[in-house]
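Residue numbers (the numbering used here): 1 to 77.
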């Protein structure tokens, strides 16, 4: 079951997600970040990585559904 976005939230594109992941990695590499904050950053990164993986899997499944005529068929849920 997918979480519905609340007001003010928006789904990031893959490019935006990758940029955010880069930011999170930079923060984790900073030795001045407190341990508790680094756990929070790590969790955000893992959640974002999971969403990216799901999006990429969906695109791959859609690509596999392209028929011989070059038309995209619906992927059954």
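C-beta atoms are modelled at their ideal positions from N, C-alpha and C, and glycine is treated no differently. Because the structure is a prediction, the values reported are computed rather than measured.
How many angstroms separate the CA atom of residue 35 from the CA atom of residue 65? 45 Å
Nearest by alpha-carbon distance to residue 21: which of 46, 10 and 57 is it? 46
Taking 7 Å as the cut-off, is the beta-carbon of residue 43 closer than that to any non-hydrogen atom of the ligand NAD? With respect to small molecules bound, the structure shown includes none, and the ligand NAD cannot be examined in it.
Measuring alpha carbon to alpha carbon, tell me which residue in 61, 63 and 44 is nearest residue 17. Checked all of 61, 63 and 44; the closest Cα to residue 17 is 44.
Please classify residue 11: does DSSP put it in a helix, a strand, or coil? coil
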